[in-house]
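Worksheet: the structure to be examined is printed underneath.
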Amino acid sequence: MKKTWMVMAACSAVGACWPGAYAAEAAQMVGPAFPDFQTAAQVRQACDAGLRAAKARVTALEKEPASPGWIGDYDAFYSATEDAYGPIGFISNVHPDPKVRDAAEACDLRWQDFFTNASQNAKLYRAAKASVPVDDIDRETLRLALETFEDSGVGLPPAQRAKAKQLSNRISLLGQQFEKNVRDSKTKVEFTDEDLAGVPEGVLKAAKRDAKGRALLGLDYPTYYPVMERAEKAATREKMWRAKMNEGGPANLKLLAEIAKLRRDYAKLFGYDSYADFTLRRRMAKNTANTTRFLDEVKQAVTDGERRDIADLREAKAKHLGQPLDKTTVTRWDVAFYTERLRKERFTVDEESFRPYFPPQESLQFVMRIAETMFGVKYTPVPAKLWHPEAQAYAVSDAATGKPISSLMVDLYPREGKYNHAAVWSYRGGSTKTGRVPQAAMVVNFDRKGLTIEELDTLLHEFGHALHSNLSNTRYALNSGTSTQQDFVEAPSQMLEDWVFDRKVLKLFQDVCPTCKPVPDELIDKARAAREFTKGSMTARQHLYASFDLALHTAGAPEPMALWAKMEGDTPLGYAPGTMFPAGFAHVAGGYGAGYYGYLWSLVVAMDLRTAFSADRLDPAVGKRYRETVLSQGGQRPPELLVKDFLGRDMSPKAFFDYLAK
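Numbering-wise (my numbering), the sequence shown opens with residue 1 and increments by one.
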């Protein structure tokens with residue numbers, strides 16, 4: 001039962017392991033309240049208690065004979081480990097106290113060792129193999145459990161099994177350090193006010209100053225993107241861009257190289273030449289050949305669009321600088337700036353102009369209202385003491401019956417030491433068999449002044465992951481919510497991305513904020529058109545990330561920086577010497593190793609799912625069917641069958657490739 005973390009989700013959650021640690025508001029929460037960790041000592045105490053209880057449960061489970069009910073007993077064991085591990089595994093990403101974060105990370109490594117031992121437990125494996133499933137859900141759950149045992153090395157000879165554990169624990173340690181180096185970076189980039197000409201005034205006002213009066217800008221999203229999109233001086237954009245591209249630094253390049261080699265060594269224990277071959281056999285893609293073929297098809301579909309986009313940017317730069325086109329070259333730090341200029345010029349769309357329309361708190365209520373309209377649920381704020389005063393808790397209930405079904409916690413704003421991207425941790429799985437309810441935490445980093453429409457799109461993407469958790473209705477916690485195949489898991493979130501560019505959908509904003517000024521319909525249309533015109537280059541960039549990840553996990557396990565410089569160098573914009581993007585590519589160092597292609601693969605699925613909502617994106621009848629056939633099912637049925645149940649046919653890539661061809 002090896003547990004790994006992915007950017008979209010973590011593994012599991014709170015429970016009754018900390019009596020007295022829960023806040024008094026627990027009765028208002030759906031499920032247990034989040035533990036109130038104030039000190040590192042509390043984390044260590046909870047860690048010790050949780051591991052002692054988990055080890056005792058292993059001993060008890062070893063004595064259980066194989067039976068039709070064994071999978072239920074195993075799921076109860078899994079749920080107990082979620083209760084003990086989940087909050088600690090999550091808290092290192094958000095707690096404001098670095099000592100608490102460090103204690104949580106130390107505990108996480110102890111739990112990863114426990115999970116490896118449990119997954120290599122021969123007694124549990126034999127009981128699982130001897131169990132007889134009673135129906136298709138039990139059969140699928142048992143199959144997935146057996147795969148987890150086998151992929152952890154339970155069937156290897158003793159020496160190789162010990163080596164698998166050693167490698168697994170080492171990979172966990174290095175991945176954790178990689179993410180810590182990015183998350184805890186205190187990088188500040190110095191600029192004079194003159195350097196920041198064109199940058200929104202709010203960025204300057206919020207900036208700290210050094211002794212010379214220079215603005216010190218961090219690399220958080222609300223700071224980074226306005227600089228890249230609005231700074232008139234190319235030198236300013238280059239300085240900011242290089243700082244961002246060098247997050248993690250040389251130390252992370254070394255960590256990533258070692259992670260890739262250790263993954264290859266791990267795969268070889270099982271007779272596979274590469275980590276990609278080892279891991280893809282458990283995915284929708286099935287193997288490296290299918291994945292490579294898919295990426296080649298995407299590349300072919302976007303090549304012309306990428307070239308057109310770059311030609312447009314080149315013309316925009318030449319015009320802006322008043323220089324001949326043949327003397328003009330587009331750089332990486334030009335892309336966001338001239339893309340934004342073209343949006344204004346061609347579509348009269350300024351991303352910054354959307355912020356007054358989309359206040360952060362009301363934006364959160366807006367995406368919840370979308371879910372309420374489509375899926376027949378209700379989000380209600382509840383009082384809860386969480387990891388930070390600004391974090392919020394919501395109870396989720398079924399609108400028709402009033403039945404409480406799950407909880408969602410939300411952390412909206414950036415701060416030092418906090419996870420600096422956007423993600424959802426599905427840290428507690430639900431189970432209809434035991435009445436256990438799912439819980440999740442959504443972590444984003446938004447400007448307090450408001451969101452751009454692209455940021456609102458990001459919020460809805462992450463909320464799609466939260467919905468996958470909140471609306472899960474699986475028999476076993478093992479299969480709850482986002483516990484599905486990795487190249488499908490992004491589909492439910494990506495399906496909703498397009499919704500914020502729909503006039504009817506955006507009118508729901510007035511339901512949650514009657515005093516907010518409505519976005520003019522023509523501005524929405526222009527924003528959609530502006531988004532479409534860069535789809536070639538945007539998709540090409542995702543293709544590069546996916547191709548790099550796959551190549552990194554081939555049999556040769558090439559050195560990451562040399563591989564990246566070569567692959568990015570082969571793109572139309574080339575590679576900028578001195579930058580080290582892989583040092584900040586936490587997806588690949590973490591749970592998306594040999595799996596980043598899943599974003600594009602899932603987008604194919606997502607666009608196919610969207611076809612059912614083509615007449616009305618808020619159609620409650622279609623939403624109900626989608627909730628019941630896809631979201632509620634988690635991983636208890638294969639993704640291909642979920643899509644077929646919903647669409648009434650096998651899934652097709654037509655919508656995706658038609659979109660790229662427009």
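Don't be surprised by glycine CBs; every beta carbon is placed ideally from N, CA and C. None of these values were measured; they are calculated from a predicted model.
Exercise for review: Would you check if the distance between the CB atom of A665 and the CB atom of A557 is smaller than 8 Å?
Suggested key: Because the chain here runs from 1 to 662, residue 665 falls outside it and cannot be looked at.
Review point. Could you give the distance in angstroms between the alpha-carbon of F278 and the alpha-carbon of K433?
Key: Rounded to whole angstroms, F278 to K433 spans 33 Å at the Cα level.
Review point. Which residues does DSSP pair with A423 in a beta bridge?
Key: Residue pairing by DSSP places A423 opposite V443 in a beta bridge.
Point to revise | Local conformation of A395 per DSSP, three classes | key: In the three-state reduction of the DSSP assignment, A395 falls in the strand class.
**Study point:** Span of the alpha helix (DSSP H) around K254
**Key:** Its alpha helix (DSSP H) spans residues 249-269.
Review point. Quick one, are the C-beta atoms of G634 and N479 less than 8 Å apart?
Key: Yes, these two residues count as a Cβ contact at 8 Å.
Check your understanding: Should A369 go down as buried or exposed, given a rule of 16 or more other Cβ atoms within 10 Å for buried?
Key -> Checking the displayed sequence, the identity of residue 369 turns out to be Arg instead of Ala. Counting the other Cβ atoms within 10 Å of the Cβ of R369 gives 16 or more, which makes it buried.
Practice item. Helix, strand or coil for P381, going by three-state DSSP, please let me know. Key: Strand at P381.
Review point. So which of L124, P389, F270, A118 has the shortest CA-CA distance to D36?
Key: Of L124, P389, F270, A118, the residue nearest in Cα terms is P389.
Point to revise | Helix, strand or coil at V500 [DSSP, three-state] | key: Residue state, collapsed to three classes: helix.
**Study point:** Proximity to P65 [Cα-Cα], best of A40, E105, A127, L109
**Key:** Of A40, E105, A127, L109, the residue nearest in Cα terms is A127.
Review point. Among T236, A621, G450, V643, which one has its Cα closest to the Cα of P222?
Key: Scanning T236, A621, G450, V643 for the CA closest to the CA of P222 turns up G450.
Check your understanding: If you compare alpha carbons, which of A594, A33, F358 is closest to W387?
Key -> Of the residues A594, A33, F358, the one whose Cα lies closest to the Cα of W387 is A33.
Review point. In whole angstroms, what separates the C-alpha of F501 from that of R230?
Key: One Cα belongs to F501, the other to R230, and the distance between them is close to 23 Å.
Review point. Are three or more beta carbon pairs between the stretch 393-404 and the stretch 414-431 nearer than 8 Å?
Key: Too few Cβ pairs lie closer than 8 Å, so no.
Practice item. Can you have a look at S547 and say buried or exposed, based on whether 16 or more other CB atoms are within 10 angstroms of its CB? Key: With a 10 Å radius around the Cβ and a threshold of 16 neighbouring Cβ atoms, S547 comes out buried.
Exercise for review: Going by DSSP, name the residue or residues bridged to E190.
Suggested key: E190 pairs with L216.
Exercise for review: With a floor of 3 residues, list each beta strand (DSSP E) that falls wholly inside the stretch 311-393, ordered by position along the chain.
Suggested key: For the beta strand (DSSP E) assignment, the uninterrupted runs of no fewer than 3 residues enclosed by the stretch 311-393 are, from N- to C-terminal side, 377-382.
Point to revise | Contiguous alpha helix (DSSP H) assignments of at least 4 residues, all confined to the stretch 609-662 | key: Whole alpha helix (DSSP H) segments, 4+ residues: 620-629, 639-647, 654-661.
**Study point:** Coarse secondary structure for M240, derived from DSSP in three states
**Key:** Correct three-state label for M240: helix.
Review point. Does the Cβ-Cβ distance between L573 and R332 come in under 8 Å?
Key: Result yes, Cβ atoms of L573 and R332 sit closer than 8 Å.
Review point. What are the start and end residues of each continuous alpha helix (DSSP H) run of 4 or more residues lying completely inside the stretch 61-122, in chain order?
Key: Within the stretch 61-122, the runs of alpha helix (DSSP H) at least 4 residues long that lie entirely inside it are, in chain order, 70-91, 98-119.
Check your understanding: Under three-state DSSP, which class holds S602?
Key -> The answer is helix: DSSP assigns S602 an H, G or I state.
Exercise for review: Please confirm whether D487 and R283 have their CB atoms less than 8 Å apart.
Suggested key: Here D487 is near R283, since their CB atoms are less than 8 Å apart.
**Study point:** Contact set for D309: own chain, Cβ-Cβ below 7 Å, skip 5 residues either direction
**Key:** Cβ within range, chain order: T534, G536, S537.
Review point. If you follow the alpha helix (DSSP H) that P222 is part of, which residue opens it and which one closes it?
Key: For P222, the enclosing alpha helix (DSSP H) starts and ends at 221-230.
Exercise for review: Can you tell me which of G417, G598, L460 puts its alpha carbon nearest to the alpha carbon of T187?
Suggested key: Nearest option by C-alpha distance: G417.
Check your understanding: Is DSSP giving P404 helix, strand or coil here?
Key -> Correct three-state label for P404: strand.
Exercise for review: Give every residue of the same chain whose Cβ lies closer than 6 Å to the Cβ of Q485, excluding the five residues on either side of it in the sequence, and list them in chain order.
Suggested key: R283, M284, P639.
Exercise for review: Can you grab the Cα-Cα spacing for the pair V643 / S632, in whole Å?
Suggested key: V643 and S632 have their C-alpha atoms spaced approximately 13 Å apart.
Review point. Mapping DSSP to helix, strand and coil, what is M284?
Key: Note: M284 maps to coil in three-state DSSP.
Check your understanding: Span of the alpha helix (DSSP H) holding K507?
Key -> In the DSSP assignment, K507 falls outside any alpha helix (DSSP H), carrying neither H nor E.
Check your understanding: P438 lies in the alpha helix (DSSP H); which residues open and close that run?
Key -> Per DSSP, P438 belongs to no alpha helix (DSSP H) and is neither H nor E.
Review point. How many Å lie between R170 and L618 at the Cα?
Key: Approximately 47 Å, taken between the alpha carbons.
Check your understanding: Along the chain, which unbroken stretches of the alpha helix (DSSP H) at least 4 residues long are found entirely within the stretch 123-169?
Key -> Correct list: 136-151.
Point to revise | Straight-line gap, R161 to D511 (C-alpha atoms, nearest Å) | key: Each residue's Cα considered, the two are about 57 Å apart.
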